[in-house]
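Chains as they are written, first to last, in the UniProt record's numbering: chain R, 1 to 202; chain Z, 1 to 202.
For glycine and all other residues, C-beta sits at the position ideal for the given N, C-alpha and C.
Number of protein chains: 2
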Amino acid sequence: MNNKGLLVVISGPSGVGKGTVLRSYLAQNKKVKVSISATTRNPRPGEEDGVHYYFMTEERFCQLAENDGMLEHAQYSGNYYGTPREMVERELCAGNDVILEIEVQGAMQVKQKCPDALMIFILPPSMAELTKRLIDRRTEDEETINRRMAAAKNELAQASSYDYAVINDNVDDAVEKIGAILRAAKCSTNYMKDFINEVQQL
Amino acid sequence: MNNKGLLVVISGPSGVGKGTVLRSYLAQNKKVKVSISATTRNPRPGEEDGVHYYFMTEERFCQLAENDGMLEHAQYSGNYYGTPREMVERELCAGNDVILEIEVQGAMQVKQKCPDALMIFILPPSMAELTKRLIDRRTEDEETINRRMAAAKNELAQASSYDYAVINDNVDDAVEKIGAILRAAKCSTNYMKDFINEVQQL
Numbered sequence: 001m002n003n004k005g006l007l008v009v010i011s012g013p014s015g016v017g018k019g020t021v022l023r024s025y026l027a028q029n030k031k032v033k034v035s036i037s038a039t040t041r042n043p044r045p046g047e048e049d050g051v052h053y054y055f056m057t058e059e060r061f062c063q064l065a066e067n068d069g070m071l072e073h074a075q076y077s078g079n080y081y082g083t084p085r086e087m088v089e090r091e092l093c094a095g096n097d098v099i100l101e102i103e104v105q106g107a108m109q110v111k112q113k114c115p116d117a118l119m120i121f122i123l124p125p126s127m128a129e130l131t132k133r134l135i136d137r138r139t140e141d142e143e144t145i146n147r148r149m150a151a152a153k154n155e156l157a158q159a160s161s162y163d164y165a166v167i168n169d170n171v172d173d174a175v176e177k178i179g180a181i182l183r184a185a186k187c188s189t190n191y192m193k194d195f196i197n198e199v200q201q202l
Numbered sequence: 001m002n003n004k005g006l007l008v009v010i011s012g013p014s015g016v017g018k019g020t021v022l023r024s025y026l027a028q029n030k031k032v033k034v035s036i037s038a039t040t041r042n043p044r045p046g047e048e049d050g051v052h053y054y055f056m057t058e059e060r061f062c063q064l065a066e067n068d069g070m071l072e073h074a075q076y077s078g079n080y081y082g083t084p085r086e087m088v089e090r091e092l093c094a095g096n097d098v099i100l101e102i103e104v105q106g107a108m109q110v111k112q113k114c115p116d117a118l119m120i121f122i123l124p125p126s127m128a129e130l131t132k133r134l135i136d137r138r139t140e141d142e143e144t145i146n147r148r149m150a151a152a153k154n155e156l157a158q159a160s161s162y163d164y165a166v167i168n169d170n171v172d173d174a175v176e177k178i179g180a181i182l183r184a185a186k187c188s189t190n191y192m193k194d195f196i197n198e199v200q201q202l
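This is the structure we're talking about:
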């Protein structure tokens with residue numbers, strides 16, 4: 001029987017509520033792990049190495065990336081960010097599902113390296129609702145909101161490249177759907193191929 | 001929003017418990033319909049037209065089949081059996097999911113005509129357990145059981161052609177998995193494509 005965990009990629013535009021959905025999902029599914037990103041930026045007050053990020057030098061980061069030690073990586077505002085392969089593979093081999101919450105470009109890199117990755121895109125119920133959620137945060141000025149909405153449109157244009165799209169209209173519904181997607185994936189004939197072979201042999 | 005129902009094909013070897021799983025699933029999901037097969041054989045006592053089968057003449061059956069009015073059909077012991085397209089499409093358009101409980105050859109015909117059909121294969125926990133279940137029925141003699149086991153091996157060899165494989169170790173688990181598979185399918189970006197386009201336009 002195939003006991004390897006599932007690699008799950010979750011993306012969605014800023015303001016769609018990925019964080020809330022994910023926290024609620026994780027509270028109900030203790031065996032699911034979230035990947036910790038690596039970065040070359042300096043830790044902010046309160047951030048711990050190995051908890052919020054793996055903090056590393058640019059030299060170390062680039063060495064890992066060159067040796068295929070990153071499932072995806074990118075540069076933002078002069079710093080590198082990426083997903084170290086090692087922790088992810090260790091958890092998958094231990095039978096734990098691993099969730100990567102990453103943006104669209106990184107997600108496409110992961111899909112290329114790990115074609116079995118389950119790709120889930122979180123959709124807003126509408127663009128109007130997404131704008132409303134960004135405004136309701138009251139943490140961003142108008143310029144930032146407009147920039148985020150433009151970015152959201154670019155990201156939404158990639159939604160069809162994902163396997164699944166979950167509308168976050170209601171957090172509980174979205175969490176329930178993500179659960180169903182993971183349970184279904186574990187019944188896919190691809191995931192079940194070892195068991196199918198086993199039954200056929202006997 | 002895409003409100004069309006899902007076409008679901010369920011197959012599995014004789015004795016695996018498809019009937020029990022399906023009845024239990026349907027009891028919990030009232031909007032799911034089961035397709036009624038057409039046949040040219042004579043009704044048995046108690047069988048009603050449009051309930052157990054659509055009974056029809058060979059002429060009518062062949063006319064339908066020639067005009068692409070059957071999603072799949074085959075001949076057994078001199079009689080034709082098939083799935084009339086009309087009822088299935090009417091229910092799908094009304095937003096109801098439709099389950100076809102058919103054998104492997106018919107399932108492959110459906111997959112060819114309806115590539116979006118969700119293909120689920122019900123697996124026994126083991127071949128030993130399948131033999132035990134056939135013996136426990138006490139309705140078949142040894143020769144019939146041996147014939148069914150040989151057929152089961154042929155059918156299991158096709159399991160990998162399905163999208164999903166559900167082990168019927170425990171009826172409630174199997175029913176729960178089928179539910180998850182259908183809910184997940186309704187989140188697939190293919191099923192969601194109209195909504196995704198709609199959100200992108202706004």
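Please report whether the beta-carbon of residue i lies at a distance below 8 Å from any beta-carbon of chain R.
i	result
residue 99/Z	no
residue 228/Z	Look at the range of chain Z in this structure, 1 to 202, and you will see that residue 228/Z is not part of it.
Is there a C-beta anywhere in chain Z that falls below 8 Å from the one on residue i?
i	result
residue 230/R	This structure does not reach residue 230/R, given that chain R is present from 1 up to 202, and the question cannot be answered.
residue 196/R	yes
residue 6/R	no
residue 162/R	yes
residue 74/R	no
residue 127/R	yes
residue 14/R	no
Reducing DSSP to helix, strand and coil, say where residue i ends up.
i	result
residue 117/R	coil
residue 54/Z	strand
residue 191/R	coil
residue 181/Z	helix
residue 158/R	coil
residue 16/Z	coil
residue 32/R	coil
residue 6/Z	coil
residue 24/Z	helix
residue 139/R	coil
residue 40/R	coil
residue 1/R	At residue 1/R the pLDDT is 49, less than 50, meaning the model places this residue with poor confidence; the figure from the coordinates comes in the next sentence. Of the three classes helix, strand and coil, the one that applies to residue 1/R here is coil, per DSSP.
Starting from residue i, find everything on chain R with Cβ-Cβ shorter than 7 Å and list it in chain order.
i	result
residue 181/Z	184 and 187
Taking Cβ-Cβ distances shorter than 9 Å, what residues in chain Z pair up with residue i?
i	result
residue 124/R	199
Going along chain Z in order, which residues have a C-beta closer than 8 Å to the C-beta of residue i?
i	result
residue 177/R	183, 184 and 187
residue 193/R	160
Could you list which residues in chain R have their beta carbon closer than 9 Å to that of residue i, in chain order?
i	result
residue 157/Z	200
Any heavy atom of the ligand SAM inside 7 Å of the beta-carbon of residue i?
i	result
residue 162/Z	With respect to the ligand SAM, the structure offers nothing, as it holds no ligand at all.
Determine contact between the stretch 48–60 of chain R and the stretch 88–104 of chain R, defined as no fewer than three beta-carbon pairs at a distance below 8 Å. Counting Cβ pairs under 8 Å, fewer than three are found: no touch.
Looking at C-beta atoms only, is the number of pairs between the stretch 110–127 of chain Z and the stretch 63–79 of chain Z that lie closer than 8 Å three or more? yes
Touching by the beta-carbon criterion (3+ pairs, under 8 Å), the stretch 137–156 of chain Z and the stretch 130–140 of chain R: No, the stretch 137–156 of chain Z is not in contact with the stretch 130–140 of chain R.
Contained beta strand (DSSP E) runs [length at least 3] in the stretch 47–106 of chain Z, N- to C-terminal order: Within the stretch 47–106 of chain Z, the complete beta strand (DSSP E) runs of at least 3 residues fall at 70–76, 79–84 and 98–101.
Please determine if the stretch 173–183 of chain R and the stretch 157–172 of chain Z are in contact, where contact requires at least 3 C-beta pairs separated by less than 8 Å. no
Closer than 8 Å is the cut-off here; do at least three beta carbon pairs connect the stretch 183–191 of chain R with the stretch 1–14 of chain Z? no
Is there contact here, the stretch 5–18 of chain Z with the stretch 38–51 of chain Z, by at least three beta-carbon pairs under 8 Å? no
Counting Cβ pairs, one atom from each stretch, are 3 or more of them under 8 Å apart for the stretch 83–91 of chain Z and the stretch 20–28 of chain Z? Result no; under three Cβ-Cβ pairs closer than 8 Å.
Measuring CB atoms only, is the stretch 164–172 of chain R touching the stretch 117–124 of chain R, in the sense that at least three cross pairs come out at less than 8 Å? Between the stretch 164–172 of chain R and the stretch 117–124 of chain R there are three or more C-beta pairs closer than 8 Å, enough to call the two in contact.
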